[in-house]
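Scroll down for the structure; my scribbles are underneath it.
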Ligand SMILES: *[C@@H]1O[C@H](CO)[C@@H](O)[C@H](O)[C@H]1NC(C)=O
Ligand SMILES: *[C@@H]1O[C@H](CO)[C@@H](O)[C@H](O)[C@H]1NC(C)=O
Ligand SMILES: *[C@@H]1O[C@H](CO)[C@@H](O)[C@H](O)[C@H]1NC(C)=O
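Numbering (my numbering), first residue to last: 16 to 215.
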């Protein structure tokens with residue numbers, strides 16, 4: 016009797032553990048089928064120019080967008096700055112960080128095809144960094160990141176080199192006047208020497 020009971024309970028344990036294993040496996044498989052990609056992993060741009068950052072995500076279920084959540088942010092050193100947010104299929108412009116205010120345009124038409132296209136204009140050097148997009152739909156959750164490098168405009172780097180010119184010009188002027196001074200002094204010294212010799 017005892018023996019019988021123990022074998023049946025161990026059988027039940029085996030069944031429970033295999034069901035648990037199946038559940039874990041299927042949830043892993045389910046999560047793996049939902050992907051978020053970046054079309055480009057790094058972008059290079061110049062200050063005041065504009066750029067289009069793009070992410071793609073799996074879209075199997077057509078129709079209901081009630082469960083579409085997107086959270087894209089710049090991972091700034093102190094805190095993430097919100098670039099773009101969608102809550103239950105609706106854009107939330109209020110949550111956007113003031114650094115990006117009025118500079119981000121999203122392409123709503125391609126969102127249904129699983130593409131997040133964000134056009135960022137009048138780029139600033141502080142826009143540089145890592146951009147992360149979290150996406151959640153009824154199919155799952157995932158995220159992807161890309162890097163943006165905004166370099167200072169060329170004509171903003173020029174003033175320091177232009178500043179050198181008046182400086183060097185001033186130096187040349189100094190050398191010329193020093194040279195003239197030496198010439199004049201030696202001329203007078205010569206005159207004095209000649210006069211002295213004549214006086215003898
Ligand atoms: C993501 O990238 C992989 C590998 O390049 C590709 O097979 C897959 O179709 C892409 N998925 C989406 C949703 O862009
Ligand atoms: C950004 O671009 C500039 C110019 O090409 C380069 O010198 C610099 O190393 C880049 N910075 C990063 C973090 O990629
Ligand atoms: C970039 O835009 C700002 C603001 O409009 C302007 O002050 C600055 O001169 C521009 N820089 C360049 C290099 O065009």
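Don't be surprised by glycine CBs; every beta carbon is placed ideally from N, CA and C.
Note that the coordinates shown come from a computational prediction; the quantities given were computed from them, not determined experimentally.
Go ahead and label residue i buried or exposed: buried means 16 or more other beta carbons lie within 10 angstroms of its beta carbon, across all protein chains shown.
{"i": "residue 199", "result": "exposed"}
{"i": "residue 147", "result": "buried"}
{"i": "residue 196", "result": "exposed"}
{"i": "residue 111", "result": "buried"}
{"i": "residue 165", "result": "buried"}
{"i": "residue 204", "result": "exposed"}
In terms of DSSP beta bridges, what is residue i paired with?
{"i": "residue 156", "result": "151"}
{"i": "residue 104", "result": "Residue 104 is not bridged to any residue."}
{"i": "residue 95", "result": "90"}
{"i": "residue 201", "result": "None; residue 201 has no bridge partner."}
{"i": "residue 120", "result": "134"}
{"i": "residue 144", "result": "163"}
{"i": "residue 50", "result": "None; residue 50 has no bridge partner."}
Can you round the beta-carbon distance between residue i and residue j to whole angstroms, since I take them to be within the 8 Å contact cut?
{"i": "residue 129", "j": "residue 74", "result": "4 Å"}
{"i": "residue 66", "j": "residue 138", "result": "6 Å"}
{"i": "residue 68", "j": "residue 161", "result": "6 Å"}
{"i": "residue 151", "j": "residue 84", "result": "4 Å"}
{"i": "residue 120", "j": "residue 134", "result": "4 Å"}
{"i": "residue 51", "j": "residue 159", "result": "4 Å"}
{"i": "residue 70", "j": "residue 97", "result": "Wrong, their Cβ atoms sit about 15 Å apart, outside the cutoff."}
Is the closest heavy atom of ligand 4 to the C-beta of residue i under 8 Å?
{"i": "residue 59", "result": "In terms of ligand content, the structure shown lacks ligand 4 and carries ligand 1, ligand 2 and ligand 3 instead."}
Exercise. Hey, which unbroken runs of the beta strand (DSSP E) at 3 residues or more fall wholly within the segment 55-88?
Worked result: List check, beta strand (DSSP E) in window: 57-61 and 66-72.
Exercise. Can you pull every residue whose C-beta falls closer than 6 Å to some heavy atom of ligand 1, listed in chain order?
Worked result: Around ligand 1, the residues whose beta-carbon falls short of 6 Å from at least one of its heavy atoms are 50, 52, 71, 72, 73 and 129, given in chain order.
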